[in-house]
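**Q** My questions will all concern the structure given below.
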Amino acid sequence: MKSLLRLVLFLSVIPLFASAETKLYLSPSGNDSGSGDINSPLATLEGARSKVREQIANGLSAPVTVLIRGGEYAMTETVVFSPEDSGTEAFPITYQAYEGETPVFTGGKKITGWKPVATEPKGTNAAAKGKLVSWDMPADLKGKWQITSLYNDNRLMPRAESPAYKVPESHQQDIPNAQPKDLRGYAKENKIDLLNYQGPAGRVPEGFHLCQG
63 MKSLLRLVLF
73 LSVIPLFASA
83 ETKLYLSPSG
93 NDSGSGDINS
103 PLATLEGARS
113 KVREQIANGL
123 SAPVTVLIRG
133 GEYAMTETVV
143 FSPEDSGTEA
153 FPITYQAYEG
163 ETPVFTGGKK
173 ITGWKPVATE
183 PKGTNAAAKG
193 KLVSWDMPAD
203 LKGKWQITSL
213 YNDNRLMPRA
223 ESPAYKVPES
233 HQQDIPNAQP
243 KDLRGYAKEN
253 KIDLLNYQGP
263 AGRVPEGFHL
273 CQG
């Protein structure tokens, strides 16, 4: 009777080991040449995607979870996931933040060296007096950087604009009541800003504008 009980327990445990979850780790201090385990994390989404693709190619035998550690991940191009990156109903592939941590993926550049303005512009709002700062763009970045959005403490700053600002006719295309699908044809374009200006007459008409600069 004891032998039979041991056999039943042994057989019931096998499926649990067969479906054990595979975990890969991503960290800002990692390296894509690493193994991907918690002691040798990967550094980029591309690196994690490659590791996952290797497992898919070898045949999935367990769910795969990519755990992304907290911190900032600099991105220079879009990371594309296609059908070949999919798991199965039995063995899904999941990308998620490491418990209790907040990863941030950004294509932005950190700007340092802000200085208080020497002379505040005429008409400066009372709430802004004594709080204005400026930054001089290095000569080697002029013509390369086109700053359209500025974040401070992870918050998007309001974009200043002239009451009479107008986008050059040659650089604009109006799409009234634009929908996400309307932008598919611009996937290969570079330096396109999606702007939504609303306001009184004399400013850019209400609607979306694709501005190629």
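Residue numbers for the sequence shown, in the working numbering: 63 to 275. We put the CB at the ideal spot given by N, CA and C, even for glycine.
Can you find the residues in the same chain that come closer than 7 Å, C-beta to C-beta, to residue 163, ignoring five residues on each side of it along the sequence?
**A** Counting from 1 along the sequence shown, the entry for residue 163 is found at position 101. For residue 163, where only same-chain residues beyond five positions count, the Cβ hits under 7 Å are 131, 132.
**Q** List the endpoints of the continuous alpha helix (DSSP H) containing residue 133.
**A** As a working mapping, residue 133 is identified with position 71 in the sequence shown. Note, residue 133: premise wrong, no alpha helix (DSSP H); beta strand (DSSP E) at 133 to 136.
**Q** Alpha carbon to alpha carbon, how far is residue 134 from residue 152?
**A** By 1-based counting over the sequence shown, the position of residue 134 is 72. By 1-based counting over the sequence shown, the position of residue 152 is 90. Each residue's Cα considered, the two are about 32 Å apart.
**Q** Hey, how far is the Cα of residue 160 from the Cα of residue 129?
**A** Taking the first residue of the sequence shown as position 1, residue 160 is located at position 98. Taking the first residue of the sequence shown as position 1, residue 129 is located at position 67. Rounded to the nearest angstrom, the two C-alpha atoms are 5 Å apart.
**Q** If we ignore side chains and look at the alpha-carbon of each, how far apart do residue 120 and residue 139 end up?
**A** Within the sequence shown, numbered from 1, the residue matching residue 120 stands at position 58. Within the sequence shown, numbered from 1, the residue matching residue 139 stands at position 77. About 28 Å.
**Q** Taking the alpha-carbon positions, what's the residue 270 to residue 167 distance?
**A** As a working note, residue 270 is residue 208 in the sequence shown. As a working note, residue 167 is residue 105 in the sequence shown. Low confidence applies here, because residue 270 scores a pLDDT of 41, under 50, leaving its location unreliable; read the following figure in that light. Cα to Cα, residue 270 sits roughly 26 Å from residue 167.
**Q** For the candidate residues 239, 243, 182, 85, whose alpha-carbon lies nearest to that of residue 158?
**A** The count along the sequence shown starts at 1 and reaches residue 158 at position 96. Closest option to residue 158, Cα to Cα, is 85.
**Q** Looking at the structure shown, is residue 145 part of a helix, part of a strand, or coil, going by DSSP?
**A** What you label residue 145 is simply residue 83 of the sequence shown in a count that begins at 1. Of the three classes helix, strand and coil, the one that applies to residue 145 here is helix, per DSSP.
**Q** Restricting to Cα atoms, I'd like to know which of 244, 82, 83, 87 is closest to residue 165.
**A** Here residue 165 corresponds to residue number 103 of the sequence shown, with the count starting at 1. Out of 244, 82, 83, 87, 87 has the C-alpha closest to the C-alpha of residue 165.
**Q** When the Cα of residue 178 is compared with those of 169, 185, 193, 110, which residue comes out closest?
**A** Locating residue 178 in the sequence shown gives position 116, counting from the first residue. Out of 169, 185, 193, 110, 193 has the C-alpha closest to the C-alpha of residue 178.
**Q** For residue 212, I'd like the list of residues in its chain whose CB is within less than 7 Å of its CB, leaving aside the five on either flank, ordered along the chain.
**A** As a working note, residue 212 is residue 150 in the sequence shown. Closer than 7 Å at Cβ, skipping near neighbours: 219.
**Q** Looking only at DSSP bridge pairs, what is residue 156 linked to?
**A** Within the sequence shown, numbered from 1, the residue matching residue 156 stands at position 94. Beta-bridge pairing links residue 156 to 127.
**Q** Just to confirm the assignment: which complete beta strand (DSSP E) runs, minimum length 3, are found wholly within the region 149 to 206?
**A** Complete beta strand (DSSP E) runs here, min 3: 155 to 159, 165 to 168.
**Q** Would you identify the three-state DSSP class for residue 214, choosing helix, strand or coil?
**A** Along the sequence shown, read from residue 1 onward, the residue named residue 214 stands at position 152. Strand.
**Q** Please state whether DSSP places residue 266 in a helix, a strand or coil.
**A** Taking the sequence shown and counting its residues from 1, one reaches residue 266 at position 204. For residue 266, the predicted model reports a pLDDT of 45, less than 50, meaning its position is unreliable; a value from the coordinates is still stated below. The answer is coil: DSSP assigns residue 266 none of H, G, I, E or B.
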